[in-house]
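Engineer: Using my numbering, you'd call the opening residue of the sequence shown number 1 and step up by one each time. Have a look at this one.
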Amino acid sequence: MTQEYTNINAAVIDSWVANGWEWGKPIDHETYVRALAGDWFVLLTPTKPVPKEWFGDLRGKRLLGLASGGGQQIPIFNACGARCTVLDYSNAQLESERQVALREGYLDKVEIVRADMTKPLPFDSESFDLIFHPISNCYVENVLPIWQECYRVLKHEGILLAGLDNGINFAFHDQTGALQHKLPFNPLKDPSLFEESMRQNDGVQFSHSIEEQIDGQLRAGLRLTHVYQDTNGYGKLHEYGVPTCFATRSLKD
Numbered sequence: 001m002t003q004e005y006t007n008i009n010a011a012v013i014d015s016w017v018a019n020g021w022e023w024g025k026p027i028d029h030e031t032y033v034r035a036l037a038g039d040w041f042v043l044l045t046p047t048k049p050v051p052k053e054w055f056g057d058l059r060g061k062r063l064l065g066l067a068s069g070g071g072q073q074i075p076i077f078n079a080c081g082a083r084c085t086v087l088d089y090s091n092a093q094l095e096s097e098r099q100v101a102l103r104e105g106y107l108d109k110v111e112i113v114r115a116d117m118t119k120p121l122p123f124d125s126e127s128f129d130l131i132f133h134p135i136s137n138c139y140v141e142n143v144l145p146i147w148q149e150c151y152r153v154l155k156h157e158g159i160l161l162a163g164l165d166n167g168i169n170f171a172f173h174d175q176t177g178a179l180q181h182k183l184p185f186n187p188l189k190d191p192s193l194f195e196e197s198m199r200q201n202d203g204v205q206f207s208h209s210i211e212e213q214i215d216g217q218l219r220a221g222l223r224l225t226h227v228y229q230d231t232n233g234y235g236k237l238h239e240y241g242v243p244t245c246f247a248t249r250s251l252k253d
């Protein structure tokens, strides 16, 4: 079942990218040039830039963009001097990475990997100084193995930056704000939810609790250092200032 639903999600995201999905639009040349000059920001959540102090000096650091394809963040990190690897399961998102790298002349300096993050990551232990993991755990049923793999592939004193959905989006309708689904949201355990998700081309998404997202990182051995909340940036919940996601900075001691 894992292989089946992650394949569905990869195909759905490919279709979103083809239709102009916000998180599938690569940065333009001017944005890359500004990043080379030190003028840059990246997002883990929809609207709030990640504080630059969360990164430290990126020059020469080995950085993994985990489920971070799309040509939005990895080009910025390359411009900052990081040695980047990007892993994603969407062919379209990885093609965007390749096209930006080709355009900006660093294709030979970035590793582009297609892999399913629900499986063991295809990297040696203690390979990376930093993992950048935008909101994507909502496409995975069980997130604890992801945190355990992040811990494994991080070097000691390595940093995990993660964008996380708090589950509220699944309970409320985007536009009206009306309650529509009970939590936890798991289409694999509710045939009617699965049918609805397929009909709406939403892929197979899951709500996750703070125990899964935060305590899961702690159980994996990571130490939480910073956190902030954010909204969707659109819809009724955003209008009312309801936080629907958060970002965390954690360390491997």
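Just so it is clear, CB atoms sit at the ideal spot from N, CA and C, and this is done for glycine as well.
#1: Starting from the C-beta of residue 41, find all residues in its chain whose C-beta is less than 6 Å away, skip the five residues before and the five after it, and write them out in chain order.
#2: Quick check on the DSSP output: the alpha helix (DSSP H) that includes residue 59 runs from which residue to which?
#3: May I have the straight-line CA-CA distance separating residue 1 from residue 8, to the nearest angstrom?
#4: Which residues mark the beginning and the end of the alpha helix (DSSP H) in which residue 94 is found?
#5: Go to residue 196, then tell me how far its alpha helix (DSSP H) extends in each direction, as first and last residue.
#6: Where do the ends of the alpha helix (DSSP H) carrying residue 151 lie?
#7: Taking only three categories from DSSP, how would you classify residue 1?
#8: Do the region 192-201 and the region 124-137 make contact, defined as three or more Cβ pairs closer than 8 Å?
#9: Could you give the uninterrupted runs of the beta strand (DSSP E) lying entirely in the region 22-87, keeping only those of 3 residues or more?
#10: Is DSSP giving residue 170 helix, strand or coil here?
#11: When you compare only the Cα positions, how much space is there between residue 241 and residue 231?
#12: Give the range of the alpha helix (DSSP H) segment to which residue 239 is assigned.
#13: Do residue 45 and residue 135 have their C-beta atoms within less than 8 Å of each other?
#14: With a threshold of 16 other CB atoms inside 10 Å of the CB of residue 249, please say whether the residue is buried or exposed.
#15: What residue range does the alpha helix (DSSP H) around residue 180 cover?
#16: Cβ of residue 5 within 8 Å of Cβ of residue 204?
#17: Need the endpoints of the alpha helix (DSSP H) that residue 229 sits in, please.
#18: If we call anything under 8 Å between Cβ atoms a contact, is residue 129 one with residue 62?
#19: Using the beta-carbon count (16 or more within 10 Å), is residue 234 buried or exposed?
#20: Excluding five sequence neighbours on each side, which residues of the same chain lie with their C-beta closer than 7 Å to the C-beta of residue 16?
#21: Any chance the region 61-80 sits against the region 96-109, with 3 or more Cβ pairs inside 8 Å?
#22: How long is the line joining the alpha carbons of residue 192 and residue 181, rounded to whole angstroms?
#23: Identify the continuous alpha helix (DSSP H) that holds residue 121 and give its terminal residues.
#24: Between the region 174-190 and the region 149-164, do three or more beta carbon pairs fall short of 8 Å?
#25: If you compare alpha carbons, which of 79, 95 and 215 is closest to residue 38?
#26: Is residue 112 helix, strand or coil when you go by DSSP?
#27: Which value, in whole angstroms, describes the spacing of the CA atoms of residue 213 and residue 171?
Structural biologist: Walking through what the data contain:
#1: 49
#2: Segment: none, residue 59 is in no alpha helix (DSSP H) and carries neither H nor E.
#3: Confidence in residue 1 is poor, its pLDDT being 48 and thus under 50, which makes the residue's placement too unreliable to answer from.
#4: 91-104
#5: 191-199
#6: 144-153
#7: With a pLDDT of only 48 at residue 1, under the threshold of 50, the placement of this residue in the model should not be trusted; the figure read from the coordinates follows. In this structure, residue 1 counts as coil in the three-state DSSP scheme.
#8: no
#9: 62-66
#10: helix
#11: 7 Å
#12: 235-239
#13: yes
#14: buried
#15: No alpha helix (DSSP H) contains residue 180, which DSSP labels as neither H nor E.
#16: yes
#17: Where residue 229 is concerned, there is no enclosing alpha helix (DSSP H), although the beta strand (DSSP E) it sits in stretches over 223-230.
#18: yes
#19: exposed
#20: 24
#21: yes
#22: 11 Å
#23: First-last for residue 121: undefined, no H or E at that position.
#24: no
#25: 79
#26: strand
#27: 18 Å
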